[in-house]
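Student: Below you'll find the structure I mean.
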Amino acid sequence: MSAFVPYEPLNAPKPFADDVWIVDGPEIRMDYGPTSLPFPTRMTVVRLASGELWVHSPIAPDPALFERVEALGRVRYLVAPNSLHYWYMADWLERYPEVTSHAVPGLEQAKRRFRIDRTLTAGERMAWEDEIAWVLVPGTAVTEAVFFVRRAGVAVLTDLIENFEPARVRKTWLRWLIKLGRADGTTPLDMRATYLPRRKKVARAVGEILEWPVEKVVMAHGRPYERDGAAELRRALRWAARG
Numbered sequence: 214m215s216a217f218v219p220y221e222p223l224n225a226p227k228p229f230a231d232d233v234w235i236v237d238g239p240e241i242r243m244d245y246g247p248t249s250l251p252f253p254t255r256m257t258v259v260r261l262a263s264g265e266l267w268v269h270s271p272i273a274p275d276p277a278l279f280e281r282v283e284a285l286g287r288v289r290y291l292v293a294p295n296s297l298h299y300w301y302m303a304d305w306l307e308r309y310p311e312v313t314s315h316a317v318p319g320l321e322q323a324k325r326r327f328r329i330d331r332t333l334t335a336g337e338r339m340a341w342e343d344e345i346a347w348v349l350v351p352g353t354a355v356t357e358a359v360f361f362v363r364r365a366g367v368a369v370l371t372d373l374i375e376n377f378e379p380a381r382v383r384k385t386w387l388r389w390l391i392k393l394g395r396a397d398g399t400t401p402l403d404m405r406a407t408y409l410p411r412r413k414k415v416a417r418a419v420g421e422i423l424e425w426p427v428e429k430v431v432m433a434h435g436r437p438y439e440r441d442g443a444a445e446l447r448r449a450l451r452w453a454a455r456g
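Structure follows, in structure tokens:
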């Protein structure tokens with residue numbers, strides 16, 4: 214039995230906002246110190262004005278998933294949005310070799326190498342930036358790029374906020390770990406530890422994020438916020454905004 218009650222259906226694009234879909238994928242195990250922990254997976258797909266697709270944090274490859282995504286448009290951009298969410302980029306690049314791949318700094322030495330066409334470095338301008346704003350939140354062990362789909366009012370995060378729902382966690386020990394680790398609607402403590410050494414830069418980045426007119430928020434793990442997005446961001450990121 215999986216550790217989490219899944220957000221079904223899996224491997225199927227689900228409308229989240231205008232031209233924005235979320236796709237919940239299979240549960241995986243991620244290395245965590247000397248052990249590994251279960252995590253649900255999720256990617257976000259945005260259809261740009263051109264009709265092309267921008268894919269954030271690609272999940273495990275699946276033939277039916279590829280067909281469902283292709284029904285939405287032509288995949289044009291793939292994004293590895295933080296130092297942990299990159300594993301399946303290689304699979305998606307094999308399927309779509311003509312796309313432009315983007316990654317946060319540091320993934321050139323990732324455990325599983327993949328082609329990086331553009332590095333998400335602060336100050337660099339991306340081809341899709343008129344439609345999707347972005348900010349780099351620099352950490353020591355984990356750096357994350359946070360995005361804002363302007364037309365849809367959707368903020369797209371990865372691990373900067375995790376929002377696991379206790380009712381969906383089947384294992385008691387995991388519910389306690391999520392609660393103690395503050396992974397239930399804010400930035401988990403282990404993630405905060407990687408950002409605190411660079412707190413001034415993080416505060417500036419979070420300040421930019423909080424200026425966006427956000428209506429909805431989607432993150433890689435847990436329940437998205439489908440209303441009051443700006444208020445949820447202010448609450449969840451209050452610790453970082455203080456600098």
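Numbering (the working numbering), first residue to last: 214 to 456.
Note that beta-carbon positions come from the ideal geometry of N, C-alpha and C, so glycine has one too.
Since this is a predicted model, take the numbers as computed values, not measurements.
#1: Could you spell out where the beta strand (DSSP E) holding P253 opens and where it closes?
#2: Per DSSP, V431 forms a beta bridge with which residues?
#3: When DSSP builds the beta bridges, which residues end up paired with A230?
#4: Grouping DSSP H, G and I as helix and E and B as strand, with all else coil, what is M214?
#5: Which first and last residues belong to the alpha helix (DSSP H) in which A453 is found?
#6: Please give the ranges of any beta strand (DSSP E) in the region 322 to 386, keeping only runs that are unbroken, at least 3 residues long and fully inside the region.
#7: Would you kindly report the start and end of the unbroken alpha helix (DSSP H) that includes A316?
#8: Where A354 and T407 are concerned, what is the direct C-alpha to C-alpha distance, given to the nearest angstrom?
#9: Give me the DSSP bridge partner(s) of W267.
#10: Looking at T257 and V233, is the spacing between their C-beta atoms short of 8 Å?
#11: Relative to the C-alpha of G319, which residue among R338, M339, R331, T385 is closest?
#12: Using CA atoms only, rank isn't needed, just tell me which of V430, Y438, M339, R338 is closest to F361.
#13: Just to confirm before moving on: does the CB-CB distance between P351 and R436 stay below 8 Å?
#14: According to DSSP, is G319 part of a helix, a strand, or is it coil?
#15: By the three-class DSSP mapping on this structure, what secondary structure does P219 have?
#16: Shortest alpha-carbon distance to L370 belongs to which of F327, G264, R381, A346?
#17: Identify the continuous alpha helix (DSSP H) that holds D403 and give its terminal residues.
#18: Identify which residue in L450, L266, P253, R440 has its Cα closest to the Cα of R395.
#19: Count the other C-beta atoms from every protein chain shown that fall within 10 angstroms of the C-beta of G238, then say buried if there are 16 or more, exposed otherwise.
#20: Using three-state DSSP, classify P276 as helix, strand or coil.
#21: Would you kindly work out how many angstroms separate the C-alpha atoms of R260 and R325, rounded to a whole number?
#22: Based on the DSSP secondary-structure assignment, which residues constitute the bridge partners of N295?
#23: So, using beta-carbon positions, are R255 and I241 closer together than 8 Å?
#24: Using 8 Å as the threshold, is the C-beta distance between Y301 and I272 below it?
#25: Need the endpoints of the alpha helix (DSSP H) that G398 sits in, please.
#26: So is P271 in contact with chain C if we call contact Cβ pairs under 8 Å?
Tutor: Considering the structure as presented:
#1: Start at 1 with the first residue of the sequence shown, and residue 253 comes out as number 40. Per DSSP, P253 belongs to the beta strand (DSSP E) from 248 to 260.
#2: Reading the sequence shown from its first residue, position 218 is the one you call residue 431. V369.
#3: For the purposes of this step, residue 230 is taken as the residue at position 17 of the sequence shown. Partner(s): V233.
#4: Within the sequence shown, numbered from 1, the residue matching residue 214 stands at position 1. Correct three-state label for M214: coil.
#5: The residue labelled residue 453 in the question sits at position 240 within the sequence shown. Per DSSP, A453 belongs to the alpha helix (DSSP H) from 451 to 454.
#6: 345 to 350, 357 to 362, 367 to 369
#7: The residue given as residue 316 occupies position 103 in the sequence shown. Note, A316: premise wrong, no alpha helix (DSSP H); beta strand (DSSP E) at 313 to 316.
#8: Mapped onto the sequence shown, residue 354 falls at position 141. Mapped onto the sequence shown, residue 407 falls at position 194. Roughly 6 Å separates the two Cα atoms.
#9: Numbered from its first residue, the sequence shown carries residue 267 at position 54. DSSP, once it has assigned bridges, lists V259, Y290 as partnering W267.
#10: As a working note, residue 233 is residue 20 in the sequence shown. As a working note, residue 257 is residue 44 in the sequence shown. Yes, they are a contact pair.
#11: Looking up residue 319 in the sequence shown gives position 106. It is R331 whose Cα lies nearest to the Cα of G319.
#12: Counting from one through the sequence shown, the residue named residue 361 turns up at place 148. Nearest C-alpha to F361: V430.
#13: In the sequence shown, residue 351 corresponds to position 138, counting from 1. In the sequence shown, residue 436 corresponds to position 223, counting from 1. Contact flag unset, no.
#14: Here residue 319 refers to the residue found at position 106 of the sequence shown. Coil at G319, not helix or strand.
#15: Sequence index remark: in the sequence shown, residue 219 carries index 6 (1-based). The answer is coil: DSSP assigns P219 none of H, G, I, E or B.
#16: To locate residue 370, count along the sequence shown from 1; it is residue 157. Closest by alpha carbon: A346.
#17: Here residue 403 is taken as the residue at index 190 of the sequence shown, counted from 1. Start and end: 402 to 408.
#18: The sequence position of residue 395 within the sequence shown is 182, counting from 1. Of L450, L266, P253, R440, the residue nearest in Cα terms is L450.
#19: Position 25 of the sequence shown, counting from 1, holds the residue named residue 238. When all chains shown are included, G238 counts as buried.
#20: Walking along the sequence shown from the start, residue 276 turns up at place 63. P276 falls in the helix class under three-state DSSP.
#21: Indexing the sequence shown from 1 puts residue 260 at position 47. Indexing the sequence shown from 1 puts residue 325 at position 112. If I take the Cα positions, the gap works out to 28 Å.
#22: By 1-based counting over the sequence shown, the position of residue 295 is 82. Per DSSP, E357.
#23: Residue numbering aside, residue 255 sits at position 42 when the sequence shown is read from its first letter. Residue numbering aside, residue 241 sits at position 28 when the sequence shown is read from its first letter. Cβ distance not < 8 Å, so R255 and I241 don't count as in contact.
#24: Against the sequence shown, residue 301 aligns to sequence position 88. Against the sequence shown, residue 272 aligns to sequence position 59. Yes, the pair counts as a contact, with Cβ atoms nearer than the cut-off.
#25: As a first step, residue 398 is located in the sequence shown; it is residue number 185 there, counting from the start. Note, G398: premise wrong, no alpha helix (DSSP H); beta strand (DSSP E) at 397 to 399.
#26: Going by chain labels, chain C is absent from the structure shown, which holds only one protein chain.
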